[in-house]
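Using this note's numbering, the letters of the sequence shown map in sequence onto residues 197 to 362.
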Amino acid sequence: GVFGVAGWRVAQEKDTRISSPDQVAGLSRDDSERARSTADYLRSGFAADIELDRSFGTVYRDPADEKRSVLIFGGTTLLWQPERDLDSLFGLMADETGKVTGLREVPAGDLGGVMKCGTTSGDGGDFAVCGWADHGSVVLGMFPGRTVDDAGKLFADIRNVIQTRG
(Lines of atoms letter the chains of each structure in order from A and count residues from 1; the text may use other names and numbers.)
(Lines give C-alpha, C1' and ligand atoms only; values in the text may rest on other atoms or scores of the structure.)
Protein backbone atom coordinates (compact mmCIF):
# COMPACT_ATOMS: atom_id res chain seq x y z
CA GLY A 1 0.00 0.00 0.00
CA VAL A 2 0.86 3.63 0.47
CA PHE A 3 3.15 2.96 3.43
CA GLY A 4 5.19 0.50 1.40
CA VAL A 5 5.76 3.07 -1.37
CA ALA A 6 6.57 5.84 1.12
CA GLY A 7 8.89 3.57 3.10
CA TRP A 8 10.70 2.55 -0.08
CA ARG A 9 11.10 6.22 -1.08
CA VAL A 10 12.52 7.12 2.34
CA ALA A 11 14.96 4.20 2.19
CA GLN A 12 16.00 5.16 -1.34
CA GLU A 13 16.58 8.87 -0.62
CA LYS A 14 17.91 8.91 2.95
CA ASP A 15 21.62 8.30 2.21
CA THR A 16 22.21 11.51 0.28
CA ARG A 17 25.55 13.23 -0.23
CA ILE A 18 26.09 16.80 -1.43
CA SER A 19 29.37 17.93 -2.97
CA SER A 20 30.69 21.35 -4.00
CA PRO A 21 32.72 20.73 -7.18
CA ASP A 22 34.98 23.41 -8.72
CA GLN A 23 32.71 23.68 -11.78
CA VAL A 24 28.99 23.07 -12.11
CA ALA A 25 26.52 24.00 -14.87
CA GLY A 26 28.90 26.54 -16.43
CA LEU A 27 29.63 28.20 -13.06
CA SER A 28 32.91 28.26 -11.10
CA ARG A 29 33.15 27.86 -7.33
CA ASP A 30 34.20 31.14 -5.71
CA ASP A 31 36.73 30.40 -2.97
CA SER A 32 37.46 34.05 -2.13
CA GLU A 33 37.31 35.08 1.53
CA ARG A 34 34.20 37.20 0.88
CA ALA A 35 32.36 34.35 -0.85
CA ARG A 36 33.32 31.83 1.85
CA SER A 37 32.18 34.24 4.57
CA THR A 38 28.81 34.80 2.84
CA ALA A 39 28.32 31.07 2.24
CA ASP A 40 29.23 30.24 5.84
CA TYR A 41 26.80 32.87 7.17
CA LEU A 42 23.95 31.40 5.09
CA ARG A 43 24.93 27.82 5.98
CA SER A 44 25.01 28.50 9.72
CA GLY A 45 21.68 30.36 9.67
CA PHE A 46 20.13 27.51 7.75
CA ALA A 47 21.62 24.89 10.10
CA ALA A 48 20.22 26.80 13.11
CA ASP A 49 16.70 26.46 11.69
CA ILE A 50 16.76 22.78 10.75
CA GLU A 51 18.73 19.97 12.32
CA LEU A 52 21.14 18.67 9.69
CA ASP A 53 23.62 15.80 9.79
CA ARG A 54 25.89 17.76 7.42
CA SER A 55 25.56 21.30 6.13
CA PHE A 56 27.28 23.25 3.39
CA GLY A 57 27.30 26.64 1.72
CA THR A 58 28.93 27.50 -1.60
CA VAL A 59 29.04 30.52 -3.89
CA TYR A 60 29.34 29.86 -7.63
CA ARG A 61 30.51 32.65 -9.89
CA ASP A 62 29.01 33.18 -13.34
CA PRO A 63 32.04 33.87 -15.58
CA ALA A 64 29.78 35.85 -17.94
CA ASP A 65 28.49 38.26 -15.27
CA GLU A 66 29.85 38.84 -11.74
CA LYS A 67 26.43 40.11 -10.60
CA ARG A 68 24.87 36.71 -11.32
CA SER A 69 26.72 34.64 -8.73
CA VAL A 70 24.66 31.77 -7.34
CA LEU A 71 24.56 30.98 -3.61
CA ILE A 72 23.74 27.37 -2.71
CA PHE A 73 23.33 26.21 0.88
CA GLY A 74 21.67 23.41 2.79
CA GLY A 75 22.48 19.96 3.98
CA THR A 76 21.62 16.35 4.47
CA THR A 77 19.44 14.70 7.06
CA LEU A 78 16.49 12.31 7.18
CA LEU A 79 13.33 14.31 6.39
CA TRP A 80 9.97 12.62 6.90
CA GLN A 81 7.96 15.47 5.34
CA PRO A 82 10.26 17.14 2.80
CA GLU A 83 7.70 19.54 1.32
CA ARG A 84 6.64 20.81 4.74
CA ASP A 85 10.29 21.36 5.75
CA LEU A 86 11.04 23.17 2.49
CA ASP A 87 8.00 25.45 2.90
CA SER A 88 9.03 26.31 6.46
CA LEU A 89 12.53 27.24 5.24
CA PHE A 90 11.07 29.57 2.63
CA GLY A 91 9.10 31.12 5.51
CA LEU A 92 12.24 31.51 7.63
CA MET A 93 14.03 33.04 4.67
CA ALA A 94 11.37 35.75 4.63
CA ASP A 95 12.69 36.90 8.01
CA GLU A 96 16.12 37.54 6.43
CA THR A 97 15.36 38.82 2.94
CA GLY A 98 11.67 39.59 2.77
CA LYS A 99 8.74 37.41 1.78
CA VAL A 100 9.20 34.88 -1.01
CA THR A 101 6.45 35.66 -3.53
CA GLY A 102 5.10 33.66 -6.47
CA LEU A 103 6.36 30.42 -4.94
CA ARG A 104 5.55 27.55 -7.28
CA GLU A 105 6.55 23.98 -7.86
CA VAL A 106 9.01 23.33 -10.70
CA PRO A 107 10.12 19.98 -12.15
CA ALA A 108 12.35 18.17 -9.63
CA GLY A 109 13.93 15.92 -12.27
CA ASP A 110 15.11 12.35 -11.89
CA LEU A 111 16.17 12.78 -8.25
CA GLY A 112 12.55 13.35 -7.24
CA GLY A 113 11.35 15.05 -4.10
CA VAL A 114 9.91 18.54 -4.42
CA MET A 115 11.46 21.64 -5.98
CA LYS A 116 10.00 25.15 -5.73
CA CYS A 117 11.04 28.60 -6.90
CA GLY A 118 9.86 32.13 -6.21
CA THR A 119 11.08 35.71 -5.92
CA THR A 120 12.39 37.72 -2.98
CA SER A 121 14.15 41.05 -2.47
CA GLY A 122 17.70 41.81 -1.45
CA ASP A 123 20.25 44.61 -1.55
CA GLY A 124 20.43 44.48 -5.33
CA GLY A 125 16.67 44.30 -5.94
CA ASP A 126 14.49 41.28 -6.64
CA PHE A 127 16.05 37.89 -7.26
CA ALA A 128 14.93 34.31 -7.79
CA VAL A 129 15.18 31.77 -5.01
CA CYS A 130 14.74 28.01 -5.38
CA GLY A 131 14.77 25.06 -3.02
CA TRP A 132 14.60 21.31 -3.18
CA ALA A 133 13.80 18.76 -0.52
CA ASP A 134 13.60 15.00 -0.53
CA HIS A 135 13.84 12.42 2.25
CA GLY A 136 17.62 12.90 2.49
CA SER A 137 18.39 16.56 1.80
CA VAL A 138 17.12 20.11 1.75
CA VAL A 139 18.91 22.83 -0.22
CA LEU A 140 18.18 26.46 -1.10
CA GLY A 141 19.68 28.53 -3.89
CA MET A 142 19.69 32.30 -4.44
CA PHE A 143 19.89 33.51 -8.05
CA PRO A 144 20.44 37.27 -8.43
CA GLY A 145 19.87 38.62 -11.94
CA ARG A 146 17.90 35.59 -13.12
CA THR A 147 14.23 34.93 -13.80
CA VAL A 148 12.44 32.26 -11.79
CA ASP A 149 12.24 30.05 -14.90
CA ASP A 150 15.98 30.38 -15.60
CA ALA A 151 16.80 29.81 -11.93
CA GLY A 152 14.64 26.66 -11.78
CA LYS A 153 16.40 25.13 -14.78
CA LEU A 154 19.85 26.08 -13.49
CA PHE A 155 19.03 24.77 -9.99
CA ALA A 156 17.96 21.41 -11.46
CA ASP A 157 21.22 21.25 -13.46
CA ILE A 158 23.25 22.05 -10.34
CA ARG A 159 21.35 19.47 -8.29
CA ASN A 160 22.02 16.73 -10.85
CA VAL A 161 25.76 17.29 -10.34
CA ILE A 162 26.08 18.00 -6.61
CA GLN A 163 23.57 15.47 -5.18
CA THR A 164 24.33 11.76 -5.10
CA ARG A 165 22.80 8.88 -3.21
CA GLY A 166 24.59 5.84 -2.04
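A virtual CB, placed ideally from N, CA and C, is assigned to each residue, including glycine.
Rounded to whole angstroms, the gap between the alpha carbons of ARG213 and MET338 is 20 Å.
GLU301 sits close to MET311, with the two beta carbons spaced by under 9 Å.
In this structure, ARG230 lies away from SER216, with their beta-carbon atoms at least 9 Å apart. Less than 9 Å divides the Cβ of SER333 from the Cβ of THR272. By the neighbour-count criterion, in which 16 or more other beta carbons inside 10 Å mark a residue as buried, THR254 falls on the buried side. PRO278 is positioned such that its CB atom lies closer than 9 Å to that of GLY309. Secondary structure at ALA235: helix, using DSSP grouped into helix, strand and coil. Taking all protein chains in view, the Cβ of THR316 is crowded by 16 or more other Cβ atoms within 10 Å, so the residue is classified as buried.
The segment 322-330 and the segment 348-356 touch, with three or more beta-carbon pairs separated by less than 8 Å.
DSSP links TRP328 through a beta bridge to MET311, VAL335. Apart from sequence neighbours up to five positions away, the residues of its chain that approach GLY362 with a beta-carbon distance below 7 Å are ASP211, ARG213, ordered along the chain. Annotated as proximal: PHE269 and ALA235, with beta-carbon spacing under 9 Å.
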